[in-house]
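**Student:**
Chains as they are written, first to last, in this note's numbering: chain B, 635 to 1141; chain U, 2 to 270.
Structure below.
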């Protein structure tokens, strides 16, 4: 039998992509050296980062998902994993097959990158390890042209605050893509009688502490990902993911912790947090962290319909302002200089009628003391709005605040007469803050502005249909989430946004 | 299995009830899951940082042998790092003789005024801040459980002071020692206070950041208590003292509050 090195030479695969679970020589032996315990696919399957000719597939072998060492009950050692992509859900027409090596270095997660598919088409995929076959996932390639594109946006899934009715409904609607805008996990200790509001569940003491080590972050992803509705939403569409703060620690920015961990120490925490994020998301290899750094800002074209810009507004941000002069300083950035240049170039060079810009925190002006979001970085916001003003109509997608908010993006928020360059659709949380209420004490901060068209403080998600002429958006919420996952969806608001005259027209 | 490298440069420093360890982390080429920290061969904790504080030690110094194992992302374990011997310090509350104290050195602040969560009443109960005379004042009435700082809106966003008065029969023959124990402090703004003895500056006390829980919880000792106690002990030069009444004052002109366990002045044996 030829050595692995010979295989690599024959196939032209890089050793790195094999070791990282991207691809492996198909002639390699697909039989695990040791039997894998039953239930290896307990964390489900996913796809993401779609292109016109492919996407990233994801799974992570974890027969005992809540094993406290974060390795999901997998024996140490590498495991070959087969995958296949078909045009039909019964796999009669398999169009791609491959092998990936699940390694303990990545908690037995794999990220095969599938290429050579047809644009704008539905595909089905599944994995096989030994004799075990995964659930079937459905996904789609991006269209080459793009008459119509549907997408859901979601964020902030504090598993312990309630059930994921939002994900259940997203799975039912099977959009062309899902945007997840951060706070996929939370780092807090989960304690019964304190923050554990999801009815009928208990957690062991290993979940009761703030997470810090890689094994703890991995375990936290496992806990959240055991949710069947989250798995269903992953298995129904390709996801575009960006992170916000809780994937590392509440309100951190760059290497700065708000909880007194010095920067030279905090980077070590960021390194394991970014690592666990990559391991548990259907991300392309470009997002694999290197040490404490991970690049997740990236760009996709939905045919010639829209350009998608995914932002990282955590890793490169300036510290919270020390005073008002600092807050309004021209030099302040929430994106970092490199990402700013990248975004403005990407907006400028796109010929698409739409730009979808997805980030973790709210862009629109609310109050000057909301310095955690773009209100703390007004110069950067002005530069972004100017760049948006020189490009196709912008659709800003954000989350973070656990509220549904719809806003018209003004070229200058201080001047109500200034041009509207697009709209911002802020999705409420999937779980965070529990049941919620329609309105609350913060509503007036938002609704004081004429450009704000909606404020709702229940849990939910946003569903949009984009055509070449207009965007139709539904804000969906749920009457409750803490008792169970069975709440029925309620459309709290619908808006139409003409591409040629961007605004939020209530329907 | 590839063994990850062991850390190097392990060093430690003893404090009251704690030993602080630091080391040189392995390079980023190794994806670290965590560092496992051992004292006398027993696992005492895991951390992702090249830094660990061994807490909950006694008040009498004991020397322990510390070492660290690197655990990588695949679960592989390094060899034990070279060990280093470190002792925690013996507290002056053990080694010294109390001259004047307020509160009990027991990890709890419940015997103090406004404890456990009466901070909002501070401005009305202590409009001129705390002025406590040992022997006549009582902790439950006259010594606020929190010393607020200028960052605290509930205390008027201004500097605050706490005066502690006590008698000495004569100028002490040796330096005295101050023990200032906290059950907790603000998590990022514990900052510092100016210490004066009879009006003369005796140093700036820098407080360890806590958990921001001691404003509502008085007990740091029960299992799972979220509080982060800390201990400050330092010598007070004998030349600062005089016969008769002496005044020790804490002037909190930086940051947010600290929550007392107890404060005391001790003579050396």
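Cβ coordinates follow ideal geometry from the N, Cα and C atoms, glycine included.
When the cut-off is 9 Å and only beta carbons count, does residue 35 of chain U lie next to chain B?
**Tutor:** Here the question's residue 35 of chain U lines up with position 34 in the second chain. Yes, residue 35 of chain U counts as interfacial toward chain B.
**Student:** What does the Cβ neighbour count give for residue 120 of chain U, buried or exposed, with the cut at 16 atoms within 10 Å?
**Tutor:** Indexing the second chain from 1 puts residue 120 of chain U at position 119. Label assigned to residue 120 of chain U: buried.
**Student:** Does the structure place the stretch 226-246 of chain U close enough to the stretch 141-150 of chain U that three or more beta carbon pairs sit under 8 Å?
**Tutor:** Touching, no, given that fewer than three Cβ pairs across the two stretches are closer than 8 Å.
**Student:** Does any CB atom of chain U fall closer than 9 Å to the CB of residue 694 of chain B?
**Tutor:** Taking the first chain and counting its residues from 1, the one referred to as residue 694 of chain B is at position 60. Answer no: the Cβ-Cβ gap between residue 694 of chain B and chain U never drops below 9 Å.
**Student:** Rounded to the nearest angstrom, how far is the Cβ of residue 101 of chain U from that of residue 167 of chain U, given a contact under 8 Å?
**Tutor:** To locate residue 101 of chain U, count along the second chain from 1; it is residue 100. To locate residue 167 of chain U, count along the second chain from 1; it is residue 166. Contact holds; Cβ gap of about 3 Å.
**Student:** By the DSSP assignment, the alpha helix (DSSP H) with residue 47 of chain U in it spans what residues?
**Tutor:** Numbered from 1 along the second chain, position 46 holds the residue referred to as residue 47 of chain U. Not the alpha helix (DSSP H): residue 47 of chain U falls in the beta strand (DSSP E), residues 43-48.
**Student:** Using the beta-carbon count (16 or more within 10 Å), is residue 666 of chain B buried or exposed?
**Tutor:** The count along the first chain starts at 1 and reaches residue 666 of chain B at position 32. By the 10 Å Cβ count, residue 666 of chain B comes out buried.
**Student:** Below 6 Å CB to CB, which residues in the same chain sit around residue 1048 of chain B once its five sequence neighbours on both sides are set aside?
**Tutor:** Sequence index remark: in the first chain, residue 1048 of chain B carries index 414 (1-based). No residues qualify anywhere along the chain.
**Student:** Let's test the definition: count the other Cβ atoms within 10 Å of the Cβ of residue 964 of chain B and tell me whether it reaches 16, buried, or not, exposed.
**Tutor:** Along the first chain, one-based indexing puts residue 964 of chain B at 330. Exposed: under 16 other Cβ atoms inside 10 Å.
**Student:** Is there a Cβ from chain U that is less than 9 Å from the Cβ of residue 921 of chain B?
**Tutor:** As a first step, residue 921 of chain B is located in the first chain; it is residue number 287 there, counting from the start. No - not a single Cβ of chain U is within 9 Å of the one on residue 921 of chain B.
**Student:** Once DSSP output is grouped into helix, strand and coil, what is the label at residue 872 of chain B?
**Tutor:** The count along the first chain starts at 1 and reaches residue 872 of chain B at position 238. In this structure, residue 872 of chain B counts as strand in the three-state DSSP scheme.
**Student:** Quick check on residue 895 of chain B - is its C-beta less than 9 Å from some C-beta in chain U?
**Tutor:** Taking the first chain and counting its residues from 1, one reaches residue 895 of chain B at position 261. For residue 895 of chain B, the answer is yes, since a Cβ of chain U falls inside 9 Å of its Cβ.
**Student:** Please go through the same chain and pick out, in chain order, the residues whose beta-carbon is closer than 8 Å to the beta-carbon of residue 175 of chain U, but skip the five residues on each side of it.
**Tutor:** On the second chain, position 174 is the one that residue 175 of chain U refers to. 239, 268 and 269, listed in sequence order.
**Student:** Using only the alpha-carbon positions, how far apart do residue 1042 of chain B and residue 218 of chain U sit?
**Tutor:** Here residue 1042 of chain B refers to the residue found at position 408 of the first chain. Here residue 218 of chain U refers to the residue found at position 217 of the second chain. Going by the C-alpha atoms only, they are around 45 Å apart.
**Student:** First and last residue of the alpha helix (DSSP H) that includes residue 669 of chain B?
**Tutor:** In the first chain, the residue the question calls residue 669 of chain B occupies position 35. Note, residue 669 of chain B: premise wrong, no alpha helix (DSSP H); not H, not E.
**Student:** Who are the Cβ neighbours of residue 707 of chain B in its own chain at under 7 Å, not counting the five residues just before and after it?
**Tutor:** Position 73 of the first chain, counted from the start, is the residue given in the question as residue 707 of chain B. If we look at residue 707 of chain B and ignore the five residues flanking it on each side, its Cβ neighbours are 671, 696, 697, 698 and 701.
**Student:** Going along chain U, which residues have a C-beta under 8 Å from residue 903 of chain B?
**Tutor:** Walking along the first chain from the start, residue 903 of chain B turns up at place 269. Those within 8 Å of residue 903 of chain B in chain U are 49 and 50.
**Student:** Quick one: which unbroken alpha helix (DSSP H) runs of 4-plus residues sit fully inside the stretch 758-833 of chain B? Chain order, please.
**Tutor:** If we require 4 residues or more, the alpha helix (DSSP H) runs fully inside the stretch 758-833 of chain B come out as 799-807.
**Student:** Taking its Cβ as the centre, do 16 or more other Cβ atoms sit within 10 Å of residue 957 of chain B, making it buried, or is it exposed?
**Tutor:** What you label residue 957 of chain B is simply residue 323 of the first chain in a count that begins at 1. Exposed, because fewer than 16 other Cβ atoms sit within 10 Å of the Cβ of residue 957 of chain B.
**Student:** Can you give the Cα-Cα distance for residue 252 of chain U and residue 179 of chain U, rounded to whole angstroms?
**Tutor:** Taking the second chain and counting its residues from 1, the one referred to as residue 252 of chain U is at position 251. Taking the second chain and counting its residues from 1, the one referred to as residue 179 of chain U is at position 178. Roughly 15 Å separates the two Cα atoms.
**Student:** Just confirm the distance between the C-beta atoms of residue 1116 of chain B and residue 852 of chain B, as a whole number of angstroms; I'd bet it's less than 8 Å.
**Tutor:** Here residue 1116 of chain B corresponds to residue number 482 of the first chain, with the count starting at 1. Here residue 852 of chain B corresponds to residue number 218 of the first chain, with the count starting at 1. No, residue 1116 of chain B and residue 852 of chain B are not in contact; Cβ-Cβ is about 26 Å, not under 8 Å.
**Student:** Classify residue 120 of chain U as helix, strand or coil using the three-state DSSP reduction.
**Tutor:** Mapped onto the second chain, residue 120 of chain U falls at position 119. Of the three classes helix, strand and coil, the one that applies to residue 120 of chain U here is helix, per DSSP.
**Student:** Cα separation between residue 4 of chain U and residue 757 of chain B?
**Tutor:** Sequence index remark: in the second chain, residue 4 of chain U carries index 3 (1-based). Sequence index remark: in the first chain, residue 757 of chain B carries index 123 (1-based). So the two alpha carbons sit approximately 41 Å from each other.
**Student:** My understanding is that residue 892 of chain B touches residue 189 of chain U, with C-beta atoms under 8 Å, so please give their C-beta distance in whole angstroms.
**Tutor:** As a first step, residue 892 of chain B must be located in the first chain, where it is residue number 258. As a first step, residue 189 of chain U must be located in the second chain, where it is residue number 188. With a Cβ gap of about 6 Å, residue 892 of chain B and residue 189 of chain U count as contacting.
**Student:** Could you give the C-beta distance for residue 114 of chain U and residue 144 of chain U, rounded to a whole number, given that I count them as a contact under 8 Å?
**Tutor:** Within the second chain, residue 114 of chain U is the residue found at index 113, counting from 1. Within the second chain, residue 144 of chain U is the residue found at index 143, counting from 1. 6 Å between Cβ atoms; contact.
**Student:** Starting from residue 1022 of chain B, trace the alpha helix (DSSP H) both ways and give me its first and last residue.
**Tutor:** What you label residue 1022 of chain B is simply residue 388 of the first chain in a count that begins at 1. Segment 1012-1023, the alpha helix (DSSP H) holding residue 1022 of chain B.
**Student:** Measure the Cβ-Cβ separation of residue 9 of chain U and residue 73 of chain U and say whether it is below 9 Å.
**Tutor:** Stepping through the second chain from its first residue, residue 9 of chain U is reached at position 8. Stepping through the second chain from its first residue, residue 73 of chain U is reached at position 72. No, the pair does not count as a contact, with Cβ atoms beyond the cut-off.
**Student:** In angstroms, rounded to a whole number, what distance separates the CA positions of residue 907 of chain B and residue 841 of chain B?
**Tutor:** For the purposes of this step, residue 907 of chain B is taken as residue 273 along the first chain, with counting starting at 1. For the purposes of this step, residue 841 of chain B is taken as residue 207 along the first chain, with counting starting at 1. Their backbone Cα atoms lie some 16 Å apart in a straight line.
**Student:** Applying the 10 Å Cβ sphere with the 16-neighbour rule, what's the burial state of residue 1075 of chain B?
**Tutor:** Taking the first chain and counting its residues from 1, one reaches residue 1075 of chain B at position 441. By the neighbour-count rule (16 or more Cβ atoms within 10 Å), residue 1075 of chain B is not buried but exposed.
**Student:** Excluding the five sequence neighbours on either side, which residues of its own chain have a C-beta within less than 8 Å of the C-beta of residue 733 of chain B, listed in chain order?
**Tutor:** Locating residue 733 of chain B in the first chain gives position 99, counting from the first residue. Answer for residue 733 of chain B: 657, 658, 659, 660, 662, 664, 714, 715, 716 and 717, listed in chain order.
**Student:** If you measure from the beta carbon of residue 189 of chain U to each beta carbon in chain B, is any gap under 9 Å?
**Tutor:** Taking the first residue of the second chain as 1, we reach residue 189 of chain U at position 188. Taking Cβ atoms only, chain B reaches closer than 9 Å to residue 189 of chain U, which makes this a yes.
**Student:** Under the rule that 16 or more other beta-carbon atoms within 10 Å means buried, what is residue 896 of chain B, buried or exposed?
**Tutor:** Sequence index remark: in the first chain, residue 896 of chain B carries index 262 (1-based). Result: exposed.
**Student:** For residue 6 of chain U, go through chain B and note every residue whose CB falls closer than 7 Å to its CB, in chain order.
**Tutor:** One-based indexing of the second chain puts residue 6 of chain U at position 5. Those do not exist, as residue 6 of chain U stays about 15 Å from chain B at its closest Cβ, beyond 7 Å.
**Student:** How big is the Cα-Cα spacing for residue 1069 of chain B and residue 1032 of chain B?
**Tutor:** On the first chain, position 435 is the one that residue 1069 of chain B refers to. On the first chain, position 398 is the one that residue 1032 of chain B refers to. C-alpha separation (whole angstroms): 20 Å.
**Student:** With distances taken Cα to Cα, identify the nearest neighbour of residue 1050 of chain B among B:898, B:1099, B:940 and B:1086.
**Tutor:** Within the first chain, residue 1050 of chain B is the residue found at index 416, counting from 1. It is B:1086.
**Student:** Starting from residue 146 of chain U, trace the beta strand (DSSP E) both ways and give me its first and last residue.
**Tutor:** For the purposes of this step, residue 146 of chain U is taken as residue 145 along the second chain, with counting starting at 1. From DSSP, residue 146 of chain U is part of no beta strand (DSSP E); its letter is neither H nor E.
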